[in-house]
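Heads up, the thing below is written out as structure tokens.
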Amino acid sequence: MKKQFVIAFAAFICAFSFAQKKELKTAEKAIKGANFSEAKTALKQAETLMSSMDGKLKAKYYYLLGQALYANGAGTSEDIDKALESLNSVDGAYKAEILTLKQTMTNDILTKGNKAYEEKDFSTASKHFEHAYRTSVSDTLFLYYAAATAVNVQEYDRALSLYEELKNLGYTGITKEYFSTNVETGKEEVTDKSTRDLYVKAKSHINPGERFTESKKPEIVKNVALIYVSQGDNEKALTAMKDARAESPDDINLILSEANVHFKMGNKEMFKTLLVKATQMDPNNAELRYNLGVIAAESGEVEEAKGYYNKAIELDPKYINAYINMAALVLSGEESLIEEMNGLGSSKADDKRYDELREARQSLYKSAIPFLSKALEVDPESINAAKTLMNIYSVIGETDKYKALKETVDAMDGGN
1289 MKKQFVIAFA AFICAFSFAQ KKELKTAEKA IKGANFSEAK TALKQAETLM SSMDGKLKAK
1349 YYYLLGQALY ANGAGTSEDI DKALESLNSV DGAYKAEILT LKQTMTNDIL TKGNKAYEEK
1409 DFSTASKHFE HAYRTSVSDT LFLYYAAATA VNVQEYDRAL SLYEELKNLG YTGITKEYFS
1469 TNVETGKEEV TDKSTRDLYV KAKSHINPGE RFTESKKPEI VKNVALIYVS QGDNEKALTA
1529 MKDARAESPD DINLILSEAN VHFKMGNKEM FKTLLVKATQ MDPNNAELRY NLGVIAAESG
1589 EVEEAKGYYN KAIELDPKYI NAYINMAALV LSGEESLIEE MNGLGSSKAD DKRYDELREA
1649 RQSLYKSAIP FLSKALEVDP ESINAAKTLM NIYSVIGETD KYKALKETVD AMDGGN
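Taken in order, the sequence shown gives residues 1289 to 1704; the numbers are from our numbering.
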């Protein structure tokens, strides 16, 4: 009786094993025929037998499931996630096949990602770029693209997770690039080393060289910090900035990024302090001087603001915002004059004082004219500068200039 039981049990195991192999064979055949729906059905049935599969059958199951889910590129984003999980579960077999499949997946996914990016579908592009990295984990640049494009569509939680992964990987994005100058165009061109060398050998290019690209770490840290700011977690934002600055204390981009975080938090004093530090490192940066002027003006430090605006104009004579803000700063002095004029009575002394204030007001208007005129010279389409200057001409009685400018303003407004 005992012997019969053992024989019956052995027959049961053989039938079980046969069923496993049958389902896997069915799935394999369906995949070869691109019938991925049938393959998934067969694999679903095989899954119920998973607990009794040996290592070899499990490896085959996971390999086939990865293929079925990927479906020659037709799988959904979720399917690809599961396909990669399944392929990564294969143990000790199909290494060459999986490598080939992942290379195919990488190329296909990148093509889709680039297409989505060109169509400005950044959310889809980001997911494709992430999948491209998962299929080829040595290409960390794909993970960087995934994070950057997620930021474009404000998928901040996802972007933060990807950026943190990049940080943990020690990613900097620094690569060596090869360049040479095109003899015909005179322009520098960046290529791979072999192409550059061929160009130089053919004498179509000269001045070959190589250099390292800038690190993307400052940008990553900045985006991480700004995501934290958008989430209201300013302390984490500042911690991220300070950690990065500890590593690169002379990186002006990090200083400016931290300054922007403080600005978003309303810490204008710290913003100004960091801008001053950045200006000391880059004294010929007109934008830094301009921003210091804005902060000084908001703080009521009029003369200091004028100094910054003038310096910005000196460094960049076409910095239109500096001209416009300078004019606005000059005209801001009108408020106290009007207030005093409105408070005067009708005595002789008051009449005399009124005339003095009116003259001062006229003088103030005239001192703003050169800045607004220069702004219009730099940008003839600046309607704000044109309207302000038109109104000034009206107030100071320069009728011809007022009429001429009014025609220009009406044309800008479309006759409205």
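Don't be surprised by glycine CBs; every beta carbon is placed ideally from N, CA and C. Source: prediction; values computed, not measured.
Rounded C-beta distance between residue i and residue j? I'm assuming under 8 Å.
{"i": "residue 1561", "j": "residue 1501", "result": "Not confirmed; about 31 Å, so no contact."}
{"i": "residue 1356", "j": "residue 1327", "result": "4 Å"}
{"i": "residue 1315", "j": "residue 1334", "result": "7 Å"}
{"i": "residue 1569", "j": "residue 1540", "result": "5 Å"}
{"i": "residue 1528", "j": "residue 1516", "result": "7 Å"}
{"i": "residue 1351", "j": "residue 1386", "result": "7 Å"}
{"i": "residue 1563", "j": "residue 1549", "result": "Residue 1563 to residue 1549, Cβ: 13 Å. No contact."}
{"i": "residue 1663", "j": "residue 1611", "result": "4 Å"}
So what's residue i in DSSP terms, helix, strand or just coil?
{"i": "residue 1465", "result": "strand"}
{"i": "residue 1458", "result": "coil"}
{"i": "residue 1571", "result": "coil"}
{"i": "residue 1441", "result": "coil"}
{"i": "residue 1378", "result": "coil"}
{"i": "residue 1541", "result": "helix"}
{"i": "residue 1581", "result": "helix"}
{"i": "residue 1502", "result": "coil"}
{"i": "residue 1478", "result": "strand"}
{"i": "residue 1595", "result": "helix"}
{"i": "residue 1296", "result": "In this prediction, residue 1296 scores a pLDDT of 42, lower than 50, which makes its location untrustworthy; the coordinate-derived value is nonetheless stated afterwards. The answer is helix: DSSP assigns residue 1296 an H, G or I state."}
{"i": "residue 1706", "result": "Residue 1706 lies beyond the range of the chain shown here (1289 to 1704); nothing can be said about it."}
{"i": "residue 1304", "result": "In this prediction, residue 1304 scores a pLDDT of 44, lower than 50, which makes its location untrustworthy; the coordinate-derived value is nonetheless stated afterwards. Helix."}
{"i": "residue 1684", "result": "coil"}
{"i": "residue 1668", "result": "coil"}
{"i": "residue 1613", "result": "helix"}
{"i": "residue 1658", "result": "helix"}
{"i": "residue 1497", "result": "strand"}
{"i": "residue 1470", "result": "strand"}
{"i": "residue 1519", "result": "coil"}
{"i": "residue 1323", "result": "coil"}
{"i": "residue 1409", "result": "coil"}
{"i": "residue 1589", "result": "coil"}
{"i": "residue 1624", "result": "helix"}
{"i": "residue 1341", "result": "coil"}
{"i": "residue 1642", "result": "helix"}
Measuring only between beta-carbons, confirm whether residue i sits less than 8 Å from chain D.
{"i": "residue 1608", "result": "No chain D is part of this structure, which consists of one protein chain only."}
Which residues in the same chain have their Cβ closer than 6 Å to the Cβ of residue i, if we skip the five residues on either side of it in sequence?
{"i": "residue 1440", "result": "1410"}
{"i": "residue 1359", "result": "1324"}
{"i": "residue 1615", "result": "1656, 1659 and 1660"}
{"i": "residue 1522", "result": "1553"}
{"i": "residue 1687", "result": "none"}
Out of the options, point me to the one whose CA is closest to residue i's CA.
{"i": "residue 1696", "options": "1675, 1686 and 1680", "result": "1675"}
{"i": "residue 1613", "options": "1623, 1580, 1637 and 1552", "result": "1580"}
{"i": "residue 1504", "options": "1458, 1406 and 1331", "result": "1458"}
{"i": "residue 1309", "options": "1588, 1343 and 1606", "result": "1343"}
{"i": "residue 1643", "options": "1655, 1654 and 1630", "result": "1630"}
{"i": "residue 1508", "options": "1444, 1551, 1559 and 1498", "result": "1444"}
{"i": "residue 1680", "options": "1653, 1663, 1668 and 1659", "result": "1653"}
{"i": "residue 1648", "options": "1587, 1618, 1523 and 1658", "result": "1618"}
{"i": "residue 1418", "options": "1369, 1671 and 1559", "result": "1369"}
{"i": "residue 1454", "options": "1384, 1511, 1596 and 1394", "result": "1511"}
{"i": "residue 1471", "options": "1491, 1452, 1482 and 1513", "result": "1491"}
{"i": "residue 1404", "options": "1376, 1558 and 1438", "result": "1438"}
{"i": "residue 1313", "options": "1349, 1538, 1338 and 1583", "result": "1349"}
{"i": "residue 1558", "options": "1537, 1583 and 1536", "result": "1583"}
{"i": "residue 1449", "options": "1431, 1465 and 1376", "result": "1431"}
Less than 8 Å between the beta carbons of residue i and residue j, yes or no?
{"i": "residue 1677", "j": "residue 1651", "result": "no"}
{"i": "residue 1345", "j": "residue 1374", "result": "no"}
{"i": "residue 1574", "j": "residue 1543", "result": "no"}
{"i": "residue 1645", "j": "residue 1625", "result": "yes"}
{"i": "residue 1435", "j": "residue 1447", "result": "yes"}
{"i": "residue 1390", "j": "residue 1424", "result": "yes"}
{"i": "residue 1666", "j": "residue 1606", "result": "yes"}
{"i": "residue 1361", "j": "residue 1371", "result": "no"}
{"i": "residue 1429", "j": "residue 1474", "result": "no"}
{"i": "residue 1608", "j": "residue 1670", "result": "yes"}
Taking only heavy atoms of the ligand GTP into account, decide whether any of them is closer than 7 Å to the Cβ of residue i.
{"i": "residue 1318", "result": "Among the components of this structure there are no ligands whatsoever, and the ligand GTP is therefore not found."}
So, for residue i: in the same chain, excluding its five sequence neighbours on each side, which residues have a beta-carbon less than 8 Å away from its beta-carbon?
{"i": "residue 1636", "result": "none"}
{"i": "residue 1699", "result": "none"}
{"i": "residue 1468", "result": "1476, 1477, 1479, 1484, 1487, 1488, 1493, 1494, 1495, 1496 and 1497"}
{"i": "residue 1319", "result": "1327, 1352, 1355 and 1356"}
{"i": "residue 1690", "result": "1678, 1681 and 1682"}
{"i": "residue 1546", "result": "1513, 1526, 1529, 1530, 1533 and 1562"}
{"i": "residue 1338", "result": "1346 and 1349"}
Just to confirm my understanding: we take residue i, look at its own chain, exclude 5 residues before and 5 after, and list those with CB closer than 7 Å. What are they?
{"i": "residue 1599", "result": "1577"}
{"i": "residue 1683", "result": "1653"}
{"i": "residue 1388", "result": "none"}
{"i": "residue 1590", "result": "1617"}
{"i": "residue 1415", "result": "1365"}
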